[in-house]
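Residue numbers (the working numbering): 10 to 249.
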Ligand code: GEK
């Protein structure tokens, strides 16, 4: 486990928009675990589905890999897969490579420091995009899901996790308050929660559950399923 996240503690407020910089990379493991309900379960699901859907001599992609938690789940689940972990934050990918140092020369994992919109994806049986779409411009999201769809071989799977909002604003408010309590119970102060919320304004842009389901269908996926629902966080599986 890396360092404890105290980026938004009193006196540390930069007032700048959130970015995946060195400071965030150092505390990221603690940050995501204390902020995203169901995060560890999503990793277990990735392990289980990778075992089930990985097809021999194909690629597995971990898009927006951060420190490689989803890559580790694919490696645990699938039998001798080739995982390609991609992130456009140099701080994240450097820290990720440090963590996988012993496997760096193996044929099982490769790292790419690049923007996913520029990435070439091909011959995939498993694609994981865990809490990443929310950081892309709304106008790029269809293009990315189409690209993923075309990279998958028949029977391949896309596992997608996201924070969502609801069409009913009362529901959005109710769940928002419960999520706030979740973070407070995990040790974040009111000031830290408010500081992070402000810095994510305009950086993390959520959509509804239906937006994600409809986009996948419009991009060609025929079988879609919500497999995890924790407060305002969802995991979906889409099969080609
Ligand atoms: C996990 N999946 O632990 N291209 C590549 N990477 C990007 C892009 C982009 N255009 N935009 C954002 N990222 C991980 C957690 S975190 C989720 C993913 C969170 C990367 C960004 O640099 C960061 O590392 C990651 O997406 C999002 O299962 O912080 O809530």
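Here a beta-carbon is modelled for each residue, glycine too, at the ideal position from N, C-alpha and C.
What span of residues does the alpha helix (DSSP H) with residue 184 cover, start to end?
-> 178-194
Tell me which same chain residues have a C-beta within less than 6 Å of the C-beta of residue 64, skipping the five on either side of it?
-> 134
Pairwise C-alpha distance: residue 247 and residue 195 = 32 Å
Unbroken alpha helix (DSSP H) runs of length 4 or more, entirely within the region 85-117: which are they?
-> 99-108
Considering only residues of the region 128-186, which uninterrupted beta strand (DSSP E) runs meet the minimum length of 3 residues and lie entirely inside it, listed in chain order?
-> 133-139, 161-172
Express the C-alpha separation of residue 140 and residue 75 in angstroms, rounding to a whole number.
-> 10 Å
With respect to 8 Å, is the separation between the Cβ of residue 17 and the closest non-hydrogen atom of the ligand GEK below this value?
-> no
CA nearest to the CA of residue 94, picked from 145, 202, 165, 129 | 129
Test item, CB below 5 Å from any non-hydrogen atom of the ligand GEK = 29, 73, 75, 78, 79, 96, 97, 98, 101, 124, 125, 139, 140, 141, 144
Taking the alpha carbon of residue 231 as the point to measure from, which residue in 123, 14, 165 has its own alpha carbon closest?
-> 165
Residue 210 (DSSP reduced to helix, strand or coil) | coil
For the region 26-80, which segments carrying the beta strand (DSSP E) assignment without a break, of at least 3 residues, lie completely within its bounds, in sequence order?
-> 68-72
Integer-rounded CB distance, given that residue 173 should sit under 8 Å from residue 241 | 6 Å
Residues near residue 170 by beta carbon distance below 8 Å, same chain, minus five either side | 51, 138, 139, 140, 237, 242, 243, 244, 245
Start and end of the alpha helix (DSSP H) containing residue 226?
-> 218-227
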